[in-house]
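Accompanying notes for the structure given below.
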Amino acid sequence: MQGRVVITYYESARITSTVYRYSNSEGFASHSEFLLFQSVSGEQEADWFKRLLFGSHWRSAWTTQVEVPYLDPDRIFRGLIPYKTGGGRQNLSLRFKARDGMRYVFRYVNKDPAMRLPYELRDTVVARVLRDQTTTQCPYGALVTDVIQNESGFLNPHPNLYVMPDDSKLGPFLETYGNMLGMLEEFPRDPDKVEKHYAADADEVLKSFELFNKLYRSYDKKLNARQLAKARIFDFLVGAWDRHEDNWKWAGYEEHGETVYEPIPRDSDNVFTLFDGILPWLLDRDGTLPMLETFDYHIMGLRGLTWQARYLGRFLISELDREECATGSV
2 MQGRVVITYY
12 ESARITSTVY
22 RYSNSEGFAS
32 HSEFLLFQSV
42 SGEQEADWFK
52 RLLFGSHWRS
62 AWTTQVEVPY
72 LDPDRIFRGL
82 IPYKTGGGRQ
92 NLSLRFKARD
102 GMRYVFRYVN
112 KDPAMRLPYE
122 LRDTVVARVL
132 RDQTTTQCPY
142 GALVTDVIQN
152 ESGFLNPHPN
162 LYVMPDDSKL
172 GPFLETYGNM
182 LGMLEEFPRD
192 PDKVEKHYAA
202 DADEVLKSFE
212 LFNKLYRSYD
222 KKLNARQLAK
232 ARIFDFLVGA
242 WDRHEDNWKW
252 AGYEEHGETV
262 YEPIPRDSDN
272 VFTLFDGILP
282 WLLDRDGTLP
292 MLETFDYHIM
302 GLRGLTWQAR
312 YLGRFLISEL
322 DREECATGSV
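First residue of the sequence shown? That's 2 in the working numbering, and the numbers climb one at a time after it.
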C-alpha cells in the first residue's frame, strides 16, 4: 500500500496516527487504521428534571467521546469476511469468517429496545422512553468484565471496541453497519471446523439446548457445576441480570472416557446496570419487571439477578448443596 502516516504528539503524552492511502483515482485518502474520537450517542443527554424522573444512569459514559480504532477487515485475524447478520429484536450484529476458520461477531453497542414494541408504538413517547433507558447499561462494561474473567480463569469471547469502517469491503452490509460503534468478539463454534481451537483446545463447543439434550441422554456427559456456580456468583458481583440460556456456550473436554463441559459466558452488555430515577425505581418496587436489579455496593436482592437464568440454574447447579454454592465455588 502506498501512502503516508501523520503522527501527532500531544503535551499530555498521548500519540495518535492517521494513515493516508494513495491511489491514482482518489489521491490521498484516510485509511481505516487511525483512532477516532466518538461517543456512543449524543441523544442521551438530560437536564436535571429528566435525570430525576428517568435516572442519571450511565449518561456521562454514553455522551463522552472516547478514542476508538477503526476495524480493518483485511488486517485483523488474518482477514475477516462478513457473511451474515444476527442479533435479536433490539440488537444488530454482523458475523465474520476468518481465514483460519474462526468466527467473530460484531455487536452494535447502542441497542434499540423499541424494536420489541408493536409496530404502531415505535414512533411514540413509549418508544422514546425505552430508548432513553438504554443508558441504564454501561456501554463499555464488557471490556471490564473481560479483564476480570481472564484473571479469574473463566472462558470468555474477549470483546474489543471498534468502529466499523465505511468501506466497500462490507458489501451489502455497508449501509447498515458502516461507521457503527460496537464490540468485536469471538463466536465459539465446533472445533473440527477451525484451525485454531476455541477455549483452550476444547473438543467441542455446544449451545445451551444442545448441552441440555446431551446431559439428559448420556451418562458420560457431565458439567463442571462448581465452575458454573462460580460464574454465576461473578455475575451477581457485576450485576449481570440478563444472563439467560442463549448467553452461554459450553466447551467440552474429553477426560477418561467422559466429556466434561465448562461454561463460556457471553454477551456481557447488561453488567453494572444502574436503575436510578423515579420511574425505574417504581417499576422495580411493584414487581412489574422482576429481573431488574441495580448495581451497587450492596446486593439488595437475588431475585432480579437470578430471574433470567432461573431454569438454567435449577437444572445445572442442582447437584451442588447450599454449602458448596456458598463456599465451595469461591
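For each residue, glycine too, the CB sits at the ideal point set by N, CA and C.
Helix or strand or just coil, what does DSSP make of residue i?
i      : result
Thr260 : strand
Glu152 : helix
Phe316 : helix
Gly253 : strand
Glu187 : strand
Thr274 : coil
Thr86  : strand
Ser209 : helix
Ile265 : strand
Asn180 : coil
Asn161 : strand
Leu283 : helix
Leu118 : coil
Leu169 : For the sequence presented, residue 169 should be read as Ser rather than Leu. Ser169 falls in the helix class under three-state DSSP.
Gln134 : helix
Tyr217 : helix
Trp308 : helix
Ile300 : coil
Ala241 : coil
Phe35  : Bear in mind that a pLDDT of 47 at Phe35, under 50, signals an unreliable position, so the number given afterwards is only what the model happens to contain. Phe35 falls in the coil class under three-state DSSP.
Trp49  : helix
Ala230 : helix
Less than 8 Å between the CB atoms is what I'm expecting for residue i and residue j, so what's the real figure, rounded?
i      : j      : result
Trp242 : Ile265 : That belief does not hold up - the Cβ atoms of Trp242 and Ile265 are roughly 19 Å apart, past 8 Å.
Lys98  : Tyr84  : 5 Å
Pro158 : Arg233 : Actually they do not touch by this definition, with Cβ atoms about 18 Å apart.
Arg123 : Ala115 : 5 Å
Glu246 : Ser269 : Going by Cβ atoms, the distance from Glu246 to Ser269 rounds to 15 Å, so no, they are not a contact pair.
Leu216 : Leu207 : Their Cβ separation, rounded to whole angstroms, is 10 Å, which puts Leu216 and Leu207 out of contact at 8 Å.
Leu53  : Ile279 : 7 Å
Leu306 : Glu294 : 5 Å
Just to confirm, are residue i and residue j a CB contact at a threshold of 7 Å?
i      : j      : result
Ala310 : Gly253 : no
Leu171 : Tyr163 : no
Thr137 : Trp63  : no
Leu185 : Val110 : no
Thr260 : Lys222 : yes
Arg342 : Arg79  : The structure shown does not extend to residue 342, since the chain is modelled only from 2 through 331, so no value can be given for it.
Asp277 : Gly142 : no
Ser94  : Gly102 : no
Glu320 : Ala226 : yes
Leu81  : Pro70  : no
Leu144 : Glu263 : no
Gly240 : Phe273 : yes
Asp167 : Asn180 : yes
Using 10 angstroms around the beta-carbon of residue i, count the other beta-carbons present and answer buried if the total reaches 16, otherwise exposed.
i      : result
Asp236 : buried
Arg104 : buried
Met301 : exposed
Pro173 : exposed
His58  : buried
Ser33  : Because Ser33 sits at a pLDDT of 45, beneath the cut-off of 50, its placement in the model cannot be relied upon, and the point is left open.
Leu283 : exposed
Asp147 : buried
Gly154 : exposed
Tyr312 : exposed
Arg76  : exposed
Asn248 : buried
Gly258 : exposed
Phe296 : buried
Going by the DSSP bridge assignment, what does residue i pair with across the sheet?
i      : result
Thr64  : DSSP lists no partner for Thr64.
Leu224 : Tyr262
Ser94  : Gly87 and Arg108
Tyr71  : Val164
Ala99  : Leu81
Of all the CB atoms in chain D, is at least one closer than 7 Å to the CB of residue i?
i      : result
Met184 : No chain D is present in this structure, which holds just one protein chain.
Is any non-hydrogen atom of the ligand COA found closer than 6 Å to the C-beta of residue i, if you look at the structure I gave you?
i      : result
Asp113 : This structure lacks the ligand COA, and indeed carries no ligand of any kind.
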